[in-house]
Amino acid sequence: MNPPNHSNYNKKKHKSPNPASKFRSDLDECTKNKDLTAAISLYEFALAHKIPLSHHHFNSLLYICSNSLADPISKHAAIEQGLRIFSHMLANNTNPNEATITAVARLAVAKGDGDKAFELVKGMRKYNVLPKLRTYSPAEKAYLVEEEMLKTRLRAEEAELAALLRVSIECGRRDKVYEYLHKISAVWGA
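In terms of the UniProt record's numbering, the sequence shown has 22 at position 22, counting the first letter as 1, and numbering is strictly consecutive.
Structural data, given as structure tokens:
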């Protein structure tokens with residue numbers, strides 16, 4: 001009796017993945033390690049090799065960019081590349097979701113463009129996306145953000161109220177300070 005032929009099995013097992021699969025795998029690794037430089041290189045590779053980018057790809061890239069803002073060395077590149085990736089996403093007719101908007105709003109605020117962050121959050125309705133509380137945190141127009149939250153029937157929780165309290169103190173808005181202290185005590189059940 002002849003031994004079974006495993007040559008086809010071995011060929012399939014050692015076959016290299018197609019460029020799109022390799023891109024996805026490498027990007028997932030960059031996301032895991034929050035490696036901005038490698039992620040941007042992968043993005044450039046995908047563009048050069050015409051690898052179609054999915055919603056997941058765009059969100060992973062934007063996640064890495066927004067999480068690189070804390071590093072002063074990579075902050076500028078993170079902002080510029082993130083905004084470029086978001087523009088490419090929209091040009092590809094890939095609608096953003098809540099995570100996308102949150103990441104891009106963080107990039108806009110880091111760039112000093114609080115107005116853009118707020119406009120992004122306000123524009124979520126046109127994509128049929130419901131915001132989460134975290135979506136609002138990057139926007140600098142704190143009081144307008146709170147009004148927008150109330151329109152969407154979201155209630156600010158302790159972290160958001162603390163941020164609003166901090167803004168009120170910095171702006172010297174005594175009336176708002178007392179308002180947010182009262183709201184915080186209500187959250188605590190005091």
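Quick reminder that beta carbons are idealized off the backbone N, C-alpha and C, glycines included.
Residue i classed as buried or exposed, judged by whether at least 16 other C-beta atoms fall within 10 angstroms
i           : result
Glu160      : buried
Arg106      : buried
residue 203 : For the chain, the structure presents residues 1 to 190; residue 203 sits outside this window and is missing.
Ile169      : exposed
Ser68       : buried
Tyr127      : exposed
Ala91       : exposed
Arg24       : buried
Closest residue to residue i among the options (Cα-Cα distance)
i      : options                       : result
Asp28  : Leu62, Ala48, Leu144          : Leu62
His56  : Leu164, Tyr43, Ala48          : Tyr43
Val187 : Val177, Asn67, Glu157, Ala103 : Glu157
Lys116 : Arg174, Gly82, Asp26, Val104  : Val104
Pro96  : Ala78, Met124, Gly112         : Met124
Asp71  : His88, Ser54, Asp35           : Asp35
Leu130 : Arg24, Thr100, Lys22          : Thr100
Pro52  : Gly189, Asn33, Asn128, Met89  : Met89
Thr37  : Thr94, Gly114, Glu80, Lys151  : Glu80
Tyr184 : Ala162, Thr94, Ser87          : The amino acid at residue 184 is misidentified as Tyr; the sequence shows Ile. Nearest C-alpha to Ile184: Ala162.
Test item: CB-CB of residue i and residue j under 9 Å
i           : j      : result
Ile85       : Phe58  : yes
Thr102      : Lys75  : no
Ala108      : Leu144 : no
residue 197 : Ile64  : Here the chain has residues from 1 to 190 only, and residue 197 is not among them.
Val177      : Glu148 : no
residue 193 : Thr31  : No answer is possible for residue 193: the residues shown for the chain start at 1 and end at 190.
Leu165      : Glu146 : no
Pro19       : His49  : yes
Ser54       : Thr94  : yes
is_contact[residue i, chain C] using C-beta, thresh 9 Å
i      : result
Glu160 : In the displayed structure, chain C is absent; only one protein chain is listed.
task: Could you pull out every unbroken alpha helix (DSSP H) segment of at least 4 residues lying fully inside the region 56-141, listed in chain order?
output: 75-91, 98-110, 114-122, 133-136
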